[in-house]
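Undergrad: For reference, the structure I am asking about is given below.
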Ligand code: RIB
């Protein structure tokens with residue numbers, strides 16, 4: 069069984085600020101840093117660091133060598149990464165003194181994916197392989213349709229949520245990875261239990277992993293509903309916390325560990341990532357997670 073993550077790769081330009089800037093306001097930043105990120109890249113690195121075999125597919129621009137390098141260095145297979153003309157995806161990220169962030173995203177090379185490229189990538193995968201997607205590349209409806217025809221299992225993190233998601237056939241998704249905001253955007257419901265009930269109603273064959281910030285996370289499958297607390301740490305930068313959770317959960321779950329065990333491992337990995345700056349570089353190794361003594 070192989071894991072294909074067809075996803076974004078971004079250069080994150082990170083500014084540390086006192087507070088997230090308000091409309092009309094100008095504020096000095098304390099520092100600037102450039103990190104490799106993108107929800108796709110972060111989740112591929114998390115999967116690989118957790119020990120899963122992962123192939124990343126996607127596009128970088130002429131300035132994207134560092135994105136390719138960090139994936140390779142972390143053991144991600146990069147055979148399906150194409151270099152195209154123009155800029156890679158990039159972001160402007162403000163991180164405030166409490167570690168909270170605010171992100172402006174420019175899609176760049178992530179958003180010029182062609183159907184021919186999709187067909188070529190998918191021709192290397194088969195029934196039973198896993199496809200992981202986020203919402204930072206174009207052609208998602210086509211990728212979901214074609215992967216589903218092959219018989220791949222589809223894991224979808226519809227983040228950042230926008231109206232294009234409604235063009236995807238979400239009934240083909242095996243497992244959603246969402247937070248409360250995305251849960252509300254998909255279902256129109258605000259309370260976690262209502263979000264889960266409505267998702268079961270809309271997509272009865274799909275499992276859901278719902279993250280709830282400081283309230284932890286809850287996973288709903290056909291057979292069980294499990295809850296997990298957060299691990300307590302002092303946040304430095306929350307960027308990629310959700311991506312770390314997603315990658316570690318999937319790696320553990322596909323190894324055959326239980327939902328509960330996989331949630332605990334993912335929650336711990338995610339907590340460690342928020343104690344470190346940056347996106348991709350903040351993701352811990354499996355050993356660091358398993359050796360860590362942080363508690364719920
Ligand atoms: O989830 C965090 C990621 O979102 C950042 O790395 C940034 O690139 C944005 O895509």
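Residue numbers (the working numbering): 69 to 364.
We put the beta carbon where it would ideally sit given N, CA and C, even for glycine.
Entirely within the segment 217–269 and at least 3 residues each: give me those beta strand (DSSP E) ranges in chain order.
TA: The segment 217–269 contains these whole beta strand (DSSP E) runs: 221–225 and 243–247.
Undergrad: If distances are taken between C-alpha atoms only, which option among 328, 279, 80 and 175 comes closest to residue 292?
TA: 328
Undergrad: Which residues does DSSP list as the beta-bridge partners of residue 73?
TA: DSSP output for residue 73 lists 124 and 200 as bridge partner(s).
Undergrad: Quick one: what's got a C-beta closer than 7 Å to residue 319's C-beta in the same chain, skipping five residues either side?
TA: 115, 118, 119 and 120
Undergrad: Look up residue 326 in the DSSP assignment and say whether it is helix, strand or coil.
TA: coil
Undergrad: Taking the straight line between their C-alpha atoms, what separation do you get for residue 196 and residue 237?
TA: 19 Å
Undergrad: So, using beta-carbon positions, are residue 299 and residue 334 closer together than 8 Å?
TA: no
Undergrad: Is residue 230 near the ligand RIB - that is, is its Cβ less than 7 Å away from at least one heavy atom of it?
TA: no
Undergrad: Taking the alpha carbon of residue 154 as the point to measure from, which residue in 180, 147 and 164 has its own alpha carbon closest?
TA: The alpha carbon of residue 154 has as its nearest neighbour, out of 180, 147 and 164, the alpha carbon of 180.
Undergrad: Out of curiosity, what's the CA-to-CA distance linking residue 95 and residue 191?
TA: 49 Å
Undergrad: Provide the residue span of the beta strand (DSSP E) that contains residue 146, from first to last.
TA: 145–151
Undergrad: Got a sec, what are the start and stop residues for the alpha helix (DSSP H) residue 354 sits in?
TA: 354–359
Undergrad: Report yes if the C-beta distance between residue 312 and residue 341 is below 8 Å; otherwise report no.
TA: yes
Undergrad: Looking only at its own chain, which residues have a Cβ that is under 6 Å from the Cβ of residue 151, when we skip the five neighbours before and after it?
TA: 128
Undergrad: Using a threshold of 7 Å, is the CB atom of residue 341 nearer than that to any non-hydrogen atom of the ligand RIB?
TA: no
Undergrad: Heavy atom of the ligand RIB less than 7 Å from the Cβ of residue 308, yes or no?
TA: yes
Undergrad: Which first and last residues belong to the beta strand (DSSP E) in which residue 160 is found?
TA: It spans 157–163 - the beta strand (DSSP E) in which residue 160 sits, taken as one unbroken run.
Undergrad: Excluding the 5 residues flanking residue 185 on each side, which residues of the same chain have their C-beta closer than 7 Å to its C-beta?
TA: So the qualifying residues of the chain are 150.
Undergrad: Roughly how many angstroms separate the alpha carbons of residue 109 and residue 77, rounded to a whole number?
TA: Near 5 Å, if we compare the C-alpha coordinates of residue 77 and residue 109.
Undergrad: Is the beta carbon of residue 245 sitting closer than 8 Å to the one on residue 314?
TA: yes
Undergrad: If contacts are defined as beta-carbon pairs under 8 Å, then residue 288 and residue 331 qualify, I think. What distance do you get, rounded to the angstrom?
TA: The Cβ separation is near 12 Å, so there is no contact.
Undergrad: Rounding to the nearest angstrom, what Cα-Cα distance links residue 202 and residue 305 in this structure?
TA: As the crow flies, the alpha-carbon of residue 202 is around 21 Å from that of residue 305.
Undergrad: For residue 344, does the three-state DSSP call read helix, strand or coil?
TA: Of the three classes helix, strand and coil, the one that applies to residue 344 here is coil, per DSSP.
Undergrad: Rank 183, 286 and 89 by C-alpha distance to the C-alpha of residue 213 and give the top, closest one.
TA: 183
Undergrad: Exposed or buried, which one is residue 358 when buried takes at least 16 other CB atoms within 10 Å?
TA: exposed
Undergrad: Specify whether the segment 169–179 and the segment 203–210 touch according to this definition: at least 3 beta carbon pairs, one from each stretch, less than 8 Å apart.
TA: yes
Undergrad: Return helix, strand or coil for residue 313, following the three-state DSSP convention.
TA: Three-state result, residue 313: helix.
Undergrad: For residue 363 and residue 356, what's the separation of their Cα atoms in angstroms?
TA: Distance between the alpha carbons of residue 363 and residue 356: 14 Å.
Undergrad: Taking DSSP's pairing of strands, which residues face residue 103 in a bridge?
TA: 80
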